[in-house]
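Heads up: the structure comes next, in structure tokens.
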Amino acid sequence: MSQEQVYTVASDSDTAEDERSSAPFPEIAIGVDIGTSQCSLAVWNGSQVELIRNTRNQKLMKSYVTFRDESPVGGVTNQLSHEYEMLSGASVFNMKRLIGRIDTDPVVSQASKTLPFLIQTLGIGVKPFIAALVNNMWRSTTPEEVFAIYLVELKSLAQLRLKRPVRNIVLTVPAAFSRFQLTRITRACAMAGLHVLRLMPEPAAVALLYAQQQQQQNQQSLSDSGSEKIALIFNMGAGYTDVAIIATAGGVSQMKGLAGTTIGGEDLLQNTMHYLLPDMDNFFASRGVHEIKSMGVLRVATQDAIHKLSSQSKVQIDVDLGNGINISKIIDLEEFEEVNKDVFQKCGSLITRCLNDSKVKIEHIDDVILVGGCTNIPKVKNTVMSICKKTEIYSGINPLEAAVRGAALEGALAGGVTDPMGNLDLLTIQVNSHSIGIRADKDSFVPIIPRNTTMPARREVVFTTAHDHQREALIVVYEGDEEAVEKNHMLGYFKVVGIPLASRGVPEINVCMDIDASNMLRVMAAVVMPGGENPVVPPVEVRMPTADDGHGLCADVLNRSFGATMDLVTLRNKAA
Amino acid sequence: MCCSHGFISKIPTTPPPLVSRRTHFAIPSTIRLPIATGSARSFRTKSAATAVKDGGSSVSESTVMEDLSFYELLGIPETVTSVEIKQAYKQLARKYHPDVSPPGRAEEYTQRFIRVQEAYETLSDPSRRAMYDRDMAMGIHFAFSSRNHSRNDENMVKSEWRGQWQSQLSGLRRRSMHKESGKNSSWAARMRKQREECSS
Chain A
29 MSQEQVYTVA SDSDTAEDER SSAPFPEIAI GVDIGTSQCS LAVWNGSQVE
79 LIRNTRNQKL MKSYVTFRDE SPVGGVTNQL SHEYEMLSGA SVFNMKRLIG
129 RIDTDPVVSQ ASKTLPFLIQ TLGIGVKPFI AALVNNMWRS TTPEEVFAIY
179 LVELKSLAQL RLKRPVRNIV LTVPAAFSRF QLTRITRACA MAGLHVLRLM
229 PEPAAVALLY AQQQQQQNQQ SLSDSGSEKI ALIFNMGAGY TDVAIIATAG
279 GVSQMKGLAG TTIGGEDLLQ NTMHYLLPDM DNFFASRGVH EIKSMGVLRV
329 ATQDAIHKLS SQSKVQIDVD LGNGINISKI IDLEEFEEVN KDVFQKCGSL
379 ITRCLNDSKV KIEHIDDVIL VGGCTNIPKV KNTVMSICKK TEIYSGINPL
429 EAAVRGAALE GALAGGVTDP MGNLDLLTIQ VNSHSIGIRA DKDSFVPIIP
479 RNTTMPARRE VVFTTAHDHQ REALIVVYEG DEEAVEKNHM LGYFKVVGIP
529 LASRGVPEIN VCMDIDASNM LRVMAAVVMP GGENPVVPPV EVRMPTADDG
579 HGLCADVLNR SFGATMDLVT LRNKAA
Chain B
7 MCCSHGFISK IPTTPPPLVS RRTHFAIPST IRLPIATGSA RSFRTKSAAT
57 AVKDGGSSVS ESTVMEDLSF YELLGIPETV TSVEIKQAYK QLARKYHPDV
107 SPPGRAEEYT QRFIRVQEAY ETLSDPSRRA MYDRDMAMGI HFAFSSRNHS
157 RNDENMVKSE WRGQWQSQLS GLRRRSMHKE SGKNSSWAAR MRKQREECSS
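Protein chains in written order, with our numbering: chain A, 29 to 604; chain B, 7 to 206.
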């Protein structure tokens with residue numbers, strides 16, 4: 029079958045679509061949204077998206093894995109007798125916050141002080157040591173392993189419900205995830221025997237769902253589907269917050285801006301716990317069985333209080349932490365908002381940044397879409413709405429299901445499914461959420477593909493040598509948006525050798541990067557001499573990221589070993 | 007889908023016809039220009055219509071694409087409004103985004119989409135569009151022929167990226183020799199650079 033057949037697609041769109049539906053396609057991928065606190069599954073059932081419920085009829089399942097003597101169990105199948113059970117030290121949760129982070133990351137060190145299981149940090153730029161309490165002994169695990177165990181449960185649930193083998197998934201991820209975190213997630217899926225068809229930023233999934241709704245509305249009202257609507261998506265869950273600006277018309281959602289950060293309900297919880305028990309870090313430091321228990325008690329009480337503060341103006345907290353320590357306090361909404369001022373401020377500045385990046389004016393926003401559990405918090409809602417100068421929230425979307433529904437739509441699209449009703453004539457055109465560039469001009473980060481570039485993308489910048497007779501150049505690739513290079517995330521490095529003897533500033537080192545449709549990043553570098561036509565040595569092509577967990581250390585070692593001897597400067601700067 | 011706006015179908019090259027002389031022209035001929043994609047060659051003076059006519063016998067579709075102006079690439083006349091540009095872009099995206107590509111052709115669609123994107127980004131920004139129009143009116147074009155490259159590319163193996171890139175580099179090289187004149191580097195790349203310089 030043929031090549032032939034594939035190639036004879038006519039230029040006409042209708043036949044191209046027929047071609048797509050008749051070609052042998054893989055199974056329909058299921059949509060998976062593993063949140064920091066909750067998880068859900070959905071699939072395109074042939075005419076619409078359907079959420080898959082577990083055996084306890086839940087659509088939203090808690091994200092945790094409990095380690096025991098026998099095999100571990102996760103929140104998909106396990107029934108908690110009480111929330112304290114999840115906080116006994118035997119369960120590992122918040123893995124989405126922890127995956128792919130090193131022990132110098134503030135997110136990790138915060139977590140190590142407030143979570144009941146063990147997160148040991150040495151603060152040297154390596155993977156933290158994570159362990160669960162099994163039979164009164166700390167047994168080590170990794171966020172990837174916890175993810176994989178959880179995914180195995182999800183996989184068997186999906187297979188049970190769909191009565192077929194499930195291999196392909198579309199997984200939603202926060203916009204803030206680094207490429208390194210994405211590789212860790214992909215690895216966890218592989219460990220669970222799942223193939224990731226797409227890792228989709230959560231707002232992109234929501235955008236797809238929104239595009240479908242707009243399309244359906246237009247069909248019903250027979251209005252002009254060409255008219256474009258601008259929407260702002262604000263997604264705040266337990267672990268991460270994303271903002272996206274999308275322009276939607278005719279089933280196509282084009283992302284204008286995407287921004288994400290690691291703040292969420294977990295930060296509100298940790299801040300409030302610290303407020304209730306200022307000496308908390310010392311109090312829980314020894315991590316004995318008693319401390320773990322009190323930590324659990326405090327956590328549950330704080331969580332309840334925060335939930336209540338979404339609908340009432342004050343809440344009474346009474347907890348007995350044992351050893352004569354009692355907390356009895358009334359917290360009102362104002363106090364709560366003051367304690368978490370920073371978090372709300374960060375939400376606001378993320379929105380502002382995204383608006384600026386996307387060059388969309390506030391008055392052009394048609395819809396504000398709120399997604400994620402934290403958007404129920406009055407202060408969060410008000411922050412978003414007041415920046416957007418809107419009074420009404422877009423109502424067509426369930427904030428807790430939007431991402432997984434979008435992922436299921438993408439699962440159907442990626443599987444080549446078409447819908448006679450036109451419900452799958454959809455597309456999201458995505459942008460990358462972090463700039464990707466290299467270290468050059470001393471210790472600066474020089475972006476090659478700037479953030480918010482439409483993907484797939486390909487960009488190139490020409491550099492030159494920093495020293496006379498420099499024969500080698502070190503290309504160190506970073507992802508991030510900080511000017512100081514070391515504050516960004518190192519993705520990998522390689523050396524360009526064979527630069528001909530020349531004065532500094534003469535040889536040209538072309539560094540080209542591309543990101544393909546599946547978000548694969550490729551970095552290429554070649555040396556060309558003025559007047560020459562071809563690269564003087566074979567160019568280098570590297571798929572990134574290549575750096576592993578110790579990338580922080582690695583950058584230090586590179587710096588110590590080579591200093592500035594293999595530095596590059598941008599050619600533009602040279603000319604200036 | 008709303009894929010039948012009149013102005014789209016009028017232009018014979020839109021959608022750019024898919025490769026039908028399949029054995030002869032390997033997919034990657036569209037991937038020839040990873041750097042400053044596609045945009046550059048749009049300045050060639052040869053009209054799209056002529057190119058298509060040649061195309062019937064010996065010119066690959068991808069070469070045609072490279073010869074197209076941004077307007078031709080989007081299948082719109084030069085007089086269109088920004089709303090129409092957006093509509094045309096979204097329709098082409100709907101067709102050529104790699105997410106909707108038939109199996110095995112994601113790479114080809116990726117190249118195509120990147121070109122469409124470049125055209126859209128230029129034409130949808132009024133000041134960049136004005137500059138592009140001015141440059142086009144002045145007939146700025148490349149000093150070297152992309153055709154030569156495409157001929158060499160015919161016997162290139164599908165996934166031979168490196169080889170392609172090398173040949174592009176030599177093209178680049180030639181362009182950068184004329185950097186001072188500012189006329190021979192990719193138009194979009196130059197614009198990007200100018201903007202960077204302004205903002206830095």
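Don't be surprised by glycine CBs; every beta carbon is placed ideally from N, CA and C.
Item to check | A/Lys90 - partner residues in DSSP beta bridges | outcome: A/Lys90 pairs with A/Gln66.
Checklist entry - Does the Cβ-Cβ distance between A/Leu304 and A/Ile355 come in under 7 angstroms? => result For the 7 angstroms CB-CB criterion, A/Leu304 and A/Ile355 form a contact.
Item to check | Range of the contiguous beta strand (DSSP E) that encloses A/Val490 | outcome: Run containing A/Val490: Ala485 to Thr493, per the beta strand (DSSP E) assignment.
Next on the checklist: I'd like to know if the stretch 184-191 of chain A and the stretch 132-150 of chain A are in contact, where contact means that at least 3 CB-CB pairs between them fall below 8 angstroms.
Outcome noted: Of all C-beta pairs linking the stretch 184-191 of chain A to the stretch 132-150 of chain A, fewer than three are shorter than 8 angstroms, placing the two stretches out of contact.
Next on the checklist: Determine whether the beta carbon atoms of A/Pro573 and A/Leu519 lie at a separation below 7 angstroms.
Outcome noted: In this structure, A/Pro573 lies near A/Leu519, with their beta-carbon atoms less than 7 angstroms apart.
Item to check | A/His223 burial status per 10 Å Cβ neighbour count (16 or more: buried) | outcome: With fewer than 16 other Cβ atoms within 10 Å, it is exposed.
Next on the checklist: Would A/Arg486 pass as an interface residue toward chain B - the criterion being a Cβ-Cβ separation below 7 angstroms?
Outcome noted: So, interface residue.
Next on the checklist: Going by beta-carbon coordinates alone, are A/Ile379 and A/Ile415 separated by less than 7 angstroms?
Outcome noted: A contact, by the Cβ cut-off of 7 angstroms.
Checklist entry - With 16 other CB atoms within 10 Å as the buried threshold, where does A/Val77 fall? => result A/Val77 should be labelled buried.
Checklist entry - Do you know whose CA, among A/Ser339, A/Ala259, A/Arg84 and A/Gly293, lies nearest A/Arg327's CA? => result Per the Cα distances, A/Gly293.
Item to check | Local conformation of A/Ala436 per DSSP, three classes | outcome: Assignment of A/Ala436 by DSSP, reduced to helix, strand and coil, places it in the helix class.
Checklist entry - Going along the chain, which residues of its own chain have a beta-carbon closer than 6 angstroms to the beta-carbon of B/Ala135, five neighbours each way excluded? => result The residue asked about is misnamed: residue 135 of chain B is Arg in this sequence, not Ala. Only Leu129 meet the Cβ criterion.
Next on the checklist: Using a Cβ-Cβ cutoff of 9 angstroms, what residues of the stretch 101-118 of chain B are near chain E? List them in chain order.
Outcome noted: Looking at the structure shown, chain E is missing, and the protein chains on hand are A and B.
Checklist entry - What does B/Ala99 touch in chain A if you count any residue whose Cβ is under 7 angstroms from its own? => result By Cβ distance, chain A contributes Val280, Leu455 and Ile457.
Next on the checklist: For a cutoff of 7 angstroms on Cβ pairs, would you count A/Ala233 as touching chain B?
Outcome noted: Not an interface residue.
Checklist entry - With a cut-off of 7 angstroms, does the C-beta of A/Thr481 fall near any C-beta of chain B? => result Chain B contact via Cβ: absent.
Checklist entry - Is any heavy atom of the ligand HEM found at a distance shorter than 6 angstroms from the C-beta of A/Gly350? => result The ligand HEM is not part of the structure shown, which contains no ligands of any sort.
Checklist entry - So is A/Pro567 buried or exposed if we call it buried at 16+ other beta carbons inside 10 Å? => result A/Pro567 comes out buried.
Next on the checklist: Please tell me whether A/Ile457 and A/Gln282 are closer than 7 angstroms, where the distance is taken between their beta carbons.
Outcome noted: Against a cut-off of 7 angstroms, the Cβ pair of A/Gln282 and A/Ile457 comes out as a contact.
Item to check | Cα-Cα separation, A/Asn460 to A/Gly324 | outcome: Distance between A/Asn460 and A/Gly324, taken at the CA atoms: about 38 angstroms.
Next on the checklist: Against chain A, with Cβ distances strictly below 7 angstroms, would B/Ile120 count as a contact?
Outcome noted: It does: the Cβ of B/Ile120 has a partner Cβ on chain A nearer than 7 angstroms.
Checklist entry - What's the gap between the Cα of A/Thr276 and the Cα of A/Gly424? => result If you take the alpha carbons of A/Thr276 and A/Gly424, they lie about 15 angstroms apart.
Item to check | Opposing strand residues paired with A/Lys460 [DSSP bridges] | outcome: The question names Lys, but residue 460 of chain A is Asn in the sequence shown. Partner(s): none; A/Asn460 has no beta bridge.
Item to check | Cut-off 7 angstroms between Cβ atoms - residues of its own chain near A/Pro100, not counting five sequence neighbours on either side | outcome: Around A/Pro100, the same chain offers Val93, Thr94 and Ile177 as residues with beta carbons nearer than 7 angstroms, after the five sequence neighbours per side are excluded.
Next on the checklist: Along the stretch 523-545 of chain A, where does the CB come closer than 8 angstroms to a CB of chain B? Name the residues.
Outcome noted: Within the stretch 523-545 of chain A, the residues whose Cβ lies closer than 8 angstroms to some Cβ of chain B are Glu536, Asn538, Cys540, Asp542, Asp544 and Ala545, listed in chain order.
Checklist entry - Between which two residues does the beta strand (DSSP E) containing A/Cys540 stretch? => result For A/Cys540, the uninterrupted beta strand (DSSP E) run begins and ends at Glu536 to Ile543, by DSSP.
Checklist entry - Hey, is A/Ala277's beta-carbon within less than 7 angstroms of any beta-carbon in chain B? => result Interface criterion met: the Cβ of A/Ala277 is under 7 angstroms from a Cβ in chain B.
Checklist entry - Buried or exposed: A/Phe590, going by 16 or more other Cβ atoms within 10 Å of its Cβ? => result Classification for A/Phe590: exposed.
Next on the checklist: Tell me which residues share the same chain as A/Thr493 and place their Cβ nearer than 6 angstroms to its Cβ, disregarding the 5 neighbours each side in the sequence.
Outcome noted: Within the same chain, and ignoring the five residues on either side of A/Thr493 in sequence, the residues whose Cβ sits closer than 6 angstroms to its Cβ are Arg532 and Pro535.
Item to check | Proximity to A/Gly265 [Cα-Cα], best of A/Ala218, A/Asp295 and A/Leu108 | outcome: Of the listed residues, the one whose Cα sits closest to A/Gly265 is A/Asp295.
Item to check | Environment of B/Ser88 [buried if 16+ CB atoms lie within 10 Å] | outcome: By the 10 Å Cβ count, B/Ser88 comes out exposed.
Checklist entry - Quick one: what's got a C-beta closer than 6 angstroms to A/Val505's C-beta in the same chain, skipping five residues either side? => result So the qualifying residues of the chain are Ile466, Leu519, Gly520, Val551 and Met572.
Checklist entry - Mind listing which residues of the stretch 412-445 of chain A have their C-beta closer than 9 angstroms to chain B's C-betas, in chain order? => result From the stretch 412-445 of chain A, only Glu438, Leu441, Ala442 and Gly444 have a Cβ closer than 9 angstroms to chain B.
Item to check | Coil, strand or helix - A/Asp447 by DSSP | outcome: Residue state, collapsed to three classes: coil.
Next on the checklist: According to DSSP, simplified to helix, strand and coil, what is A/Ala530?
Outcome noted: The answer is coil: DSSP assigns A/Ala530 none of H, G, I, E or B.
Checklist entry - Just how far apart, CA to CA, sit A/Leu383 and A/Ile397? => result Each residue's CA atom was taken as its position, placing A/Leu383 and A/Ile397 some 14 angstroms apart.
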